[in-house]
Amino acid sequence: YTLRPMRTIILGSGKGTNTKALLDAAIQNQLGATEIVAIYSDVAGSGILEVAQSHEVAFRHINANPTTAKLSGKDEQAWIEALSADNPDLIVLAGFMKILQKPILDCFPNSIINIHPSLLPSFKGLGSIENAYKLGVKITGCTIHWVNTEIDGGKIIAQAPVRIMEGDDLEMVAARIHAAEHMLLPWVVSDLSLGNIPFPE
Ligand code: GAR
């Protein structure tokens, strides 16, 4: 690539299937000019850290008070230090279950994206897949958006629709949404790295 590599950090708290999709895309040269420099989790022993380890990417558990939803205080500072040291162009929240507040957002302006398992602005927050299913909507999906101080409220970058059909159970819907996420996230990251999707001014 003649493009400068887009230094990318992934943050997550869970299984890491989206992270695996990104790393697999990178192996297949389908992540454009993206360079995944590190993967961090607030949950020790989480799947995402195992995914990082098996792909030989730098990874680390960084503490975050498990009793609060927001990342704040000393924990927040530790995250800011770790992330700053990597000099990222892009930070991907891939199942990161902590809320980022202004201090951390101000350190990385216009460079944090999140993947969310609904068609935003519908079904913000936790339990989106189940809430959509229980309400009986016929189309749901996933969204990738820029992160700002509003929870799941930043500018939308891309979405993929998923149908909910008669007779589907919750697990089937969830599996379909995850499959859509695993396609959409690598596309978006690749397009950001190639300049096909612009970073905000
Ligand atoms: C994904 O479905 C993602 O959309 C969701 O967590 C899952 C992480 O899965 N994110 C949120 O709910 C954010 N509020 P993964 O760890 O297997 O990638």
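Numbering (the numbering used here), first residue to last: 3 to 203. Don't be surprised by glycine CBs; every beta carbon is placed ideally from N, CA and C.
List, from N- to C-terminal side, the beta strand (DSSP E) runs of 3 residues or more that fit wholly inside the region 48-94.
61-63
Determine the DSSP secondary structure at Ile199, reduced to helix, strand or coil.
coil
Just reading off the beta strand (DSSP E) that Ser43 is part of, what are its end residues?
Note, Ser43: beta strand (DSSP E), Thr36 to Ser43.
If I measure Cβ to Cβ from Leu187 and keep anything under 8 Å in the same chain, skipping five residues before and after, which residues do I get?
Asn20, Ala23, Leu24, Val94, Ala96, Ile117 and Ile146
For Tyr3, name the three-state secondary structure that DSSP assigns.
In this predicted model, Tyr3 has a pLDDT of only 49, less than 50, meaning its place in the structure is not dependable; the value taken from the coordinates is given anyway. Coil, per DSSP.
Are the Cβ atoms of Pro90 and Val39 separated by less than 9 Å?
yes
With 16 as the cutoff for other CB atoms within 10 Å, does Ser43 come out buried or exposed?
It counts as buried.
Roughly how many angstroms separate the alpha carbons of Tyr3 and Ala87, rounded to a whole number?
Reliability fails at Tyr3, whose pLDDT of 49 lies under 50, so the model's placement of it is uncertain and the value that follows must be treated cautiously. Rounded to the nearest angstrom, the two C-alpha atoms are 24 Å apart.
Regarding Asp44 and the ligand MN, is the C-beta to nearest heavy atom distance less than 8 Å?
Questions concerning the ligand MN fall outside what the structure shown contains, since the ligands it does hold are the ligand GAR.
Opening and closing residue of the alpha helix (DSSP H) in which Leu122 lies:
Careful: Leu122 lies outside any alpha helix (DSSP H) and carries neither H nor E.
Report the option in Gly138, Pro105 and Pro163 whose CA atom is closest to the CA atom of Gly75.
Ranking the options by Cα distance to Gly75, first place goes to Pro105.
DSSP bridge partner residues for Gly97 (one or two, in chain order):
As DSSP reads the structure, Gly97 sits in no beta bridge.
Please classify Ala60: is it buried, with 16 or more other beta-carbons within 10 angstroms of its beta-carbon, or exposed?
exposed
What's the C-alpha gap between Glu132 and Val164?
14 Å
Is Ala181 helix, strand or coil by DSSP?
helix
Of the residues Pro200, Ala27 and Pro7, the one placed nearest Lys157, counting alpha carbons only
Pro200
Measuring CA to CA, which of Asn31, Glu183, Ser195 and Leu13 is closest to Ile82?
Leu13
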